[in-house]
Amino acid sequence: MLNHNLSQNIEKAKELFPAAPDLVVFRFAAGSQQTPAALLYLDGLNDKNSINNHILYPLMYEVPDDKPGIPAPTISGVRTVTAWSDLENAILHGESALFLEGHSQAWIYSTQGWPQRAIEDPQLESSLKGAHQGFVETGKQNIALIRRYIANKELRILEHTLGQRGQSKVWIMYLNDVAHPEVLQELTTRMNKVDVDAVINTGELAEYIEDNPYSPFPQLITTERPDSAVSQLLQGRFIVIVDRSPSVIIAPATFTSFFQSVDDYSMRWQIASFIRLLRFIAFFIAMLLPALYIAVISYNYEIIPLQLLLSIAESRSKVPFPPLLEAVLMEITLEMMREAGIRLPAPVGQTIGIVGGIVIGQAAVQAGVVSNIMVIVVASTAIASFILPSYDMGTAVRLLRFPMMIMASLFGMIGIVIGFVALIAHLTALESLGTPYGSPLAPFRWSDMKDTFIRLPLWNMMKRPKSARPIQDIRIGRKRPKGDES
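In terms of this note's numbering, the sequence shown opens at residue 8 and continues consecutively.
Here it is as structure tokens:
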């Protein structure tokens, strides 16, 4: 409990924060009666204007003479604490604590003002026709970005605190009349079981609450775009916002939801359908093309046209490695260049990605390490992996490429078929917060096929997808406004 003596309170507060040079203890006299007082806060976590204009100035010059202990009335979020644990927690979270001589309590002021960046265009999820606003590292700003889209009383927010050493605020947002309460209960239960020192970002939290942590496929969607998050929210899904993280979690997720982009709903449905089909084709190319090359060259060369077979044989005549080693060598080189381009500064990274790829590929062909056909296969695979709108799904495809190549080198086309069937079985068995990951294909739901491989007109999609498990199916009317048909 706090003491009536101001000096003892200050000494006790300094003991709570040893080796903390950023702890500011500002002693002053409050009011005309010159009551001894002290304001404590951590430098860098507070708004200095709020402290000077709304706390210190009113207390030193505007407190009534007969009430020298009244806290400053010009700032909101004022409360009192009597326990040292509450005081410690408040100061660590950027609040300011006021001590007054003769009082065994402290006044806590909401003066948070830590460094934060401006709202910018998302880096990983660029959009041609969508909004150019991305989430930031401040959770309350991210909540405000979502509220701008949905100004409705049914938008509910649940707050949680995770972490023992570094506590992080986590918010669950959902539409109360649309989202399923069983999914909310499951999500809340899993979050309450998270017992860690701290949750730094959404990727860590997603790994703790996902159904199958050993699967290479992402089971929860992470996005940097508020408009994309709101679109999923309107379908009946949940949004999890982690303070200090510039992305949010969307749950539950399905396999096909990782192929949807916010731009799909900003262009004509025919073009959107073509682009979405292109993404699914790119998925199979990025995962299976190197394996198909190995299988055809090693086992099933009879399916290649004669002229192409002669060209491939001539290209591979100087290559001393088997097709598997050739493909693995080129794929690892590609992944190294990709990672180097990400870690380096933007101008240098682009140079490494373009010039380095051309130089290394040409030099490898001339040295007889790889064939021309292998360079084409690897380049096509890389381009196909970049088409996928979800970075998490793209990394899963990059990883699955290698076991498919091994299966192709062992059993040829039969090995690819075996690997693909095992992959389908795995996708069918996966779940996301108890929701089938393979929906609407497994289990098959015809009504959801309107927004899966293709996107039908918006006025034709009258119901929310059942894969989101909404309790309110209808989202728009059955009619669309028509123009003058005369």
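Beta carbons: idealized from backbone N, C-alpha and C, even for Gly. Here the structure is a predicted model, which is why all the values come from computation and not from measurement.
Report the CB separation of residue i from residue j in whole angstroms; it is logged as a contact under 8 angstroms.
i	j	result
Ala302	Met420	5 angstroms
Thr89	Gln112	5 angstroms
Val237	Ile157	6 angstroms
Val190	Leu440	6 angstroms
Leu227	Ile256	5 angstroms
Ile82	His61	4 angstroms
Pro443	Trp276	The pair is not a contact, with the Cβ atoms about 26 angstroms apart (cut-off 8 angstroms).
Pro129	Met400	About 17 angstroms; that fails the 8 angstroms criterion.
Arg283	Phe460	7 angstroms
Phe35	Leu52	Incorrect: roughly 20 angstroms between the Cβ atoms, too far for contact.
Val335	Met412	7 angstroms
Which one of the options has the shortest CA to CA distance from residue i?
i	options	result
Asn149	Phe33, Thr230, Leu317 and Ala475	Thr230
Thr388	Glu309, Ser175, Gln369 and Glu338	Glu338
Gln171	Ile207, Leu182 and Gln140	Ile207
Arg476	Trp121, Ile311, Arg452 and Ala403	Arg452
Arg124	Ser133, Gly141 and Leu131	Gly141
Ser397	Ala258, Asn467, Gln267 and Ser446	Gln267
Ala27	Leu240, Asp50 and Pro225	Asp50
Asn12	Asp29, Ala45, Leu23 and Val31	Ala45
Leu395	Gly120, Leu52, Phe24 and Ser133	Ser133
Glu102	Asp271, Met344, Lys55 and Phe35	Lys55
Arg345	Ala386, Gln373, Tyr306 and Ala334	Ala386
His139	Leu182, Ser235 and Ile383	Ser235
Ala186	Pro330, Arg163 and Pro220	Arg163
Trp178	Asp184, Lys160 and Ile153	Ile153
Met67	Gln40, Ser57, Phe418 and Leu52	Gln40
Met8	Lys200, Ser92, Pro43 and Arg34	Ser92
Asp270	Pro65, Arg232 and Tyr306	Arg232
Ser222	Met456, Phe418, Ala403 and Ala279	Ala403
Asp29	Pro472, Leu47 and Arg86	Leu47
Pro330	Ala449, Val384 and Gly84	Val384
Ala370	Ile349, Pro352, Thr340 and Ala391	Thr340
Met180	Gly173, Leu169, Gln174 and Lys160	Lys160
What is the residue span of the alpha helix (DSSP H) that residue i lies within?
i	result
Thr402	Tyr398 to Phe418
Arg163	Premise fails: Arg163 lies in the beta strand (DSSP E), Leu162 to Leu169, not in any alpha helix (DSSP H).
Arg154	Gly146 to Tyr156
Ile179	Unbroken run through Ile179 is the beta strand (DSSP E), Ser175 to Leu182; no alpha helix (DSSP H).
Glu127	Premise fails: Glu127 is in no alpha helix (DSSP H) and is neither H nor E.
Ala20	Leu13 to Leu23
Ser476	The identity of residue 476 in the sequence shown is Arg, whereas the question assumes Ser. Taken as a continuous stretch (DSSP letters only), Arg476 belongs to no alpha helix (DSSP H), as it is neither H nor E.
Glu193	Pro188 to Asn199
Can you check whether the C-beta of residue i is within less than 9 angstroms of a C-beta belonging to chain C?
i	result
Leu13	Considering every chain present, this structure includes no chain C. It has just one protein chain.
Worksheet item: Quick one: complete alpha helix (DSSP H) runs, 4+ long, within the stretch 217 to 263?
Response: Complete alpha helix (DSSP H) runs here, min 4: 233 to 241.
Worksheet item: Just checking, does the stretch 193 to 208 make contact with the stretch 260 to 269 on the three C-beta pairs under 8 angstroms criterion?
Response: By the criterion of at least three beta-carbon pairs nearer than 8 angstroms, the stretch 193 to 208 is not in contact with the stretch 260 to 269.
Discussion item. For the pair the stretch 321 to 340 and the stretch 362 to 381, tell me if three or more CB-CB distances fall below 8 angstroms.
Written reply: yes
Item to complete: For the stretch 299 to 383, list the alpha helix (DSSP H) runs that are entirely contained and at least 4 residues long, ordered along the chain.
Response: 313 to 323, 330 to 350, 353 to 358 and 364 to 373
Discussion item. Pairs of beta-carbons, one from the stretch 13 to 29 and one from the stretch 103 to 117, closer than 8 angstroms: are there three or more?
Written reply: yes
Practice prompt. Report yes or no: do the stretch 206 to 220 and the stretch 115 to 130 share at least 3 C-beta pairs separated by less than 8 angstroms?
Written response: no
Fill in: Stretch-stretch touch, CB-based, cutoff 8 angstroms, three pairs: the stretch 239 to 247 with the stretch 283 to 295
With a cut-off of 8 angstroms on Cβ pairs, the stretch 239 to 247 is not in contact with the stretch 283 to 295, counting fewer than three such pairs.
Fill in: Start-end ranges of the alpha helix (DSSP H) lying completely within the stretch 37 to 75, minimum 4 residues
55 to 58
Item to complete: With a floor of 3 residues, list each beta strand (DSSP E) that falls wholly inside the stretch 80 to 125, ordered by position along the chain.
Response: 86 to 88, 103 to 107 and 113 to 116
Worksheet item: Would you call the stretch 248 to 258 and the stretch 422 to 433 in contact, with 3 or more CB pairs under 8 angstroms?
Response: no
Worksheet item: Are the stretch 295 to 314 and the stretch 408 to 423 touching, with three or more C-beta to C-beta distances below 8 angstroms?
Response: yes
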